[in-house]
Amino acid sequence: MESGPDGKALKQRGSRYDLYMSDEAKSWSDSRQYCRDHGGDLVIINSEEKLMVIHSYIKQNVWIGLSDIENEGSLKWVDNSPLKQGFFSPFEPNDAGGNEDCHFQTTSKRGYLWGPDGLFMSNEEKSWADSRQYCKDRGADLVIINSEEKQRHISSFIKDKVWIGLSDTQNKGNMKWVDNSPLNQGFWAEGEPNNYRGKNEDCIEMRPSDPVLNNWNDVLCSEKKKGICEK
Numbered sequence: 000m001e002s003g004p005d006g007k008a009l010k011q012r013g014s015r016y017d018l019y020m021s022d023e024a025k026s027w028s029d030s031r032q033y034c035r036d037h038g039g040d041l042v043i044i045n046s047e048e049k050l051m052v053i054h055s056y057i058k059q060n061v062w063i064g065l066s067d068i069e070n071e072g073s074l075k076w077v078d079n080s081p082l083k084q085g086f087f088s089p090f091e092p093n094d095a096g097g098n099e100d101c102h103f104q105t106t107s108k109r110g111y112l113w114g115p116d117g118l119f120m121s122n123e124e125k126s127w128a129d130s131r132q133y134c135k136d137r138g139a140d141l142v143i144i145n146s147e148e149k150q151r152h153i154s155s156f157i158k159d160k161v162w163i164g165l166s167d168t169q170n171k172g173n174m175k176w177v178d179n180s181p182l183n184q185g186f187w188a189e190g191e192p193n194n195y196r197g198k199n200e201d202c203i204e205m206r207p208s209d210p211v212l213n214n215w216n217d218v219l220c221s222e223k224k225k226g227i228c229e230k
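The following block contains the structure:
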């Protein structure tokens, strides 16, 4: 909850947030009412910094002030502002069961909602190297895909082209994963990798438009796209 008469005020990197935890586990609506009764409201998370502050504080899953109760599929904060930046796992929001309207903050790694096997997606489009650094800054690395099952799993949720942890930047024509292991099984799109017109296409993306077992493509490492990170 933001603002209130009691609780713990948090400070981090010069920023101050007045955050307070309700004293009982309640439904989303009842938790919001608790906050309002104490002069606050469920928290609005509008920056990565704020997300990290909250994550450093919580010890269990908690409600945040985000829902699509009023209009299914249109997420809004409790002040009626639209969601502009989300920190969802690649599998969320999924409206499992057809009626998941409220959202919570988990105690998972680094404040992000992680999916199965520690997968999550970067929230900005970056070059391959910068996307990898984004993952590493969060205790992870670009994903290694070493099975058909994992390939199908990741292909099932991507909506845009994304980076994976495969490249031949160190030795042209010798594809290696970010842990320096060699590529043993590839899921290439037709005609790929082709290093199109000798343009040094050294980094590998996944494309959602291709068949799930044939959607890898080599591209310039300077292209900007989101990356799939793996802990």
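Here numbering that gives the first Met the number 0 is used: the first residue of the sequence shown is 0, the next is one more, and so on.
Cβ coordinates follow ideal geometry from the N, Cα and C atoms, glycine included.
{"query": "Inter-residue Cα distance where the pair is residue 227 and residue 137", "result": "12 Å"}
{"query": "Where residue 189 sits in the DSSP three-state scheme", "result": "coil"}
{"query": "Sequence-distant residues of the same chain with beta carbon closer than 7 Å to residue 187, five excluded per side", "result": "213 and 215"}
{"query": "Cα-Cα separation between residue 76 and residue 65, rounded to whole angstroms", "result": "4 Å"}
{"query": "Simplified DSSP assignment, three categories, for residue 34", "result": "helix"}
{"query": "For residue 81, the residue or residues it bridges with in DSSP", "result": "75"}
{"query": "Residue 23 and residue 139 closer than 7 Å at C-beta", "result": "no"}
{"query": "Buried versus exposed call for residue 192 [16 or more other C-beta atoms within 10 Å across all chains shown]", "result": "buried"}
{"query": "Cross-strand partners of residue 140 (DSSP beta bridge)", "result": "229"}
{"query": "According to DSSP, residues forming a beta bridge with residue 218", "result": "202"}
{"query": "Three-state class that DSSP yields for residue 120 in the structure shown", "result": "strand"}
{"query": "C-beta atoms of residue 223 and residue 161 nearer than 7 Å", "result": "no"}
{"query": "Residues that DSSP places opposite residue 154 in a beta bridge", "result": "In the DSSP output, where bridge partners are listed per residue, residue 154 has none listed."}
{"query": "Beta-carbon proximity list for residue 208, same chain, < 6 Å, skipping 5 on both sides", "result": "none"}
{"query": "Test item: CB-CB of residue 143 and residue 150 under 7 Å", "result": "no"}
{"query": "Span separating the alpha-carbon of residue 129 from that of residue 202", "result": "12 Å"}
{"query": "Under 7 Å between C-beta atoms of residue 141 and residue 117", "result": "no"}
{"query": "Residue(s) in a DSSP beta bridge with residue 181", "result": "175"}
{"query": "Start and end residues, beta strand (DSSP E) containing residue 64", "result": "61-66"}
{"query": "For residue 154 and residue 205, believed in contact at Cβ under 8 Å, the rounded distance", "result": "7 Å"}
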